[in-house]
């Protein structure tokens, strides 16, 4: 009888142990399933080969809310960016092409990383410690966006970084001393991170072995309608800025800052982009529309919303934060119907807008502007975040 009791007791303990193990296993499986449901994914694929024979890869970052970002190693270009509208339908909201060959042809920097210096430098000249430097000229008499072979034309090395609810693509490039006329061997890192909050973070980092200037930015063209046969004039824009950087006839800063109050440049409260764009104003005439740098009011850098775009028909909203002192708002004035869209049409006048966070144009030649000098031993680090949502 005692033997029987001991056997029954032993079987009971064994059953409890099995149940316990099974519960733990079930919890582990539940956790795995949960992780899969919330994970932001990243997938690599081949994008083609350049005319020089360089193999180019594409990386798709995708979250659980229907947001997708496609980035290629040529120029660090964002080729596609899909976000939902108020009906939950995800559509592409950035300009782009169907082929690598088209990106290799001259184009207005669609989706590209810009460096070494975003925006213009007067006559491509600047001085550091008494030494004069001459940059490559590619915008009438000026240097623009790093020169004709700037970062938008180079092949970046790519590394994937996954951490569950975010996924990152870390791009790196070594810009050699005197490339496009810029001094110093510059190690550059740009990390794109997608979150489940529909945020695309862009982190820029760099180090140099010789005193140089640097001003990195991102040159994506947005059209929140998702329909590139339509202009961006019906987009509502808010810019947290009291002043702009006025320019001369060659779009180089005059050196002064001007108040936006009582001008077409006042976007401190939400305003349709098309409302004042045709007003007779010297600055608008020079830029053929909006193509200026706004001086940001940014008390909590990286937290203050410095720009907001709202497209009422689709309900899409884009909000931006940055630690940069300025933002270049460009209303797609030079799009002229000569570049092909993905669906066989063309990108017409003002069918995309750019919001490029940056230091001011021509800062190396403007003593009163925030410095863009980077010294050996220093680390260049700046971040901009693009957050998408819907308003019903």
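Numbering (my numbering), first residue to last: 179 to 570.
C-beta atoms are modelled at their ideal positions from N, C-alpha and C, and glycine is treated no differently.
Keep in mind the model is a prediction, meaning the values are calculated, not measured.
Spatial distance of residue i from residue j (CA atoms)
i: residue 474; j: residue 368; result: 23 angstroms
i: residue 478; j: residue 416; result: 17 angstroms
i: residue 316; j: residue 461; result: 22 angstroms
i: residue 563; j: residue 499; result: 5 angstroms
i: residue 467; j: residue 342; result: 43 angstroms
i: residue 407; j: residue 274; result: 13 angstroms
i: residue 425; j: residue 507; result: 14 angstroms
i: residue 395; j: residue 536; result: 6 angstroms
i: residue 285; j: residue 531; result: 15 angstroms
i: residue 441; j: residue 337; result: 46 angstroms
i: residue 558; j: residue 465; result: 30 angstroms
i: residue 529; j: residue 410; result: 6 angstroms
i: residue 212; j: residue 339; result: Only weak support is given to the placement of residue 212: the predicted model assigns it a pLDDT of 42, under 50, and the value that follows is read from those uncertain coordinates. Each residue's alpha carbon lies about 20 angstroms from the other.
i: residue 279; j: residue 228; result: 7 angstroms
i: residue 428; j: residue 463; result: 12 angstroms
i: residue 240; j: residue 459; result: 43 angstroms
i: residue 548; j: residue 382; result: 18 angstroms
i: residue 565; j: residue 297; result: 24 angstroms
i: residue 436; j: residue 216; result: 47 angstroms
i: residue 445; j: residue 515; result: 28 angstroms
i: residue 485; j: residue 413; result: 13 angstroms
i: residue 561; j: residue 380; result: 6 angstroms
i: residue 520; j: residue 247; result: 16 angstroms
i: residue 287; j: residue 258; result: 14 angstroms
i: residue 321; j: residue 387; result: 23 angstroms
i: residue 524; j: residue 310; result: 42 angstroms
i: residue 384; j: residue 312; result: 22 angstroms
i: residue 327; j: residue 509; result: 24 angstroms
i: residue 449; j: residue 567; result: 19 angstroms
i: residue 420; j: residue 504; result: 11 angstroms
i: residue 418; j: residue 522; result: 37 angstroms
i: residue 432; j: residue 455; result: 21 angstroms
i: residue 366; j: residue 242; result: 30 angstroms
i: residue 232; j: residue 251; result: 10 angstroms
i: residue 457; j: residue 480; result: 33 angstroms
i: residue 268; j: residue 344; result: 19 angstroms
i: residue 453; j: residue 439; result: 15 angstroms
i: residue 554; j: residue 476; result: 28 angstroms
i: residue 220; j: residue 237; result: 7 angstroms
Cβ distance (whole Å) where residue i is taken to contact residue j below 8 angstroms
i: residue 483; j: residue 497; result: 5 angstroms
i: residue 540; j: residue 299; result: 6 angstroms
i: residue 552; j: residue 392; result: 5 angstroms
i: residue 372; j: residue 218; result: 5 angstroms
i: residue 276; j: residue 260; result: About 15 angstroms separates the two Cβ atoms, so there is no contact after all.
i: residue 361; j: residue 390; result: 5 angstroms
i: residue 402; j: residue 487; result: 6 angstroms
i: residue 255; j: residue 289; result: 4 angstroms
i: residue 556; j: residue 397; result: About 25 angstroms separates the two Cβ atoms, so there is no contact after all.
8 angstroms Cβ cutoff met for residue i and residue j
i: residue 253; j: residue 331; result: yes
i: residue 545; j: residue 493; result: no
i: residue 346; j: residue 334; result: no
i: residue 527; j: residue 517; result: no
i: residue 538; j: residue 423; result: yes
i: residue 399; j: residue 249; result: no
i: residue 376; j: residue 245; result: yes
i: residue 314; j: residue 358; result: yes
i: residue 543; j: residue 404; result: no
| query | Looking at C-beta atoms only, is the number of pairs between the segment 300-307 and the segment 218-238 that lie closer than 8 angstroms three or more? | reply | No, they do not touch.
| message | Threshold first: 3 residues or longer. Then list the beta strand (DSSP E) segments lying entirely within the segment 368-419, N to C. | response | Restricting attention to beta strand (DSSP E) runs no shorter than 3 residues, the segment 368-419 encloses them at 377-386, 395-397, 414-417, ordered along the chain.
| task | Give, in chain order, every unbroken run of the beta strand (DSSP E) that is at least 3 residues long and sits entirely within the segment 328-372. | result | Every beta strand (DSSP E) stretch that sits fully inside the segment 328-372 and reaches 3 residues is listed by chain position as 335-340, 344-353.
| query | Quick one: complete beta strand (DSSP E) runs, 3+ long, within the segment 216-296? | reply | 219-227, 233-240, 246-250, 256-262, 268-270, 290-292, all fully within the segment 216-296.
| request: Run through the segment 442-478 for me and flag every whole beta strand (DSSP E) of 3 or more residues, listed as ranges in chain order. | output: The qualifying runs are 469-474.
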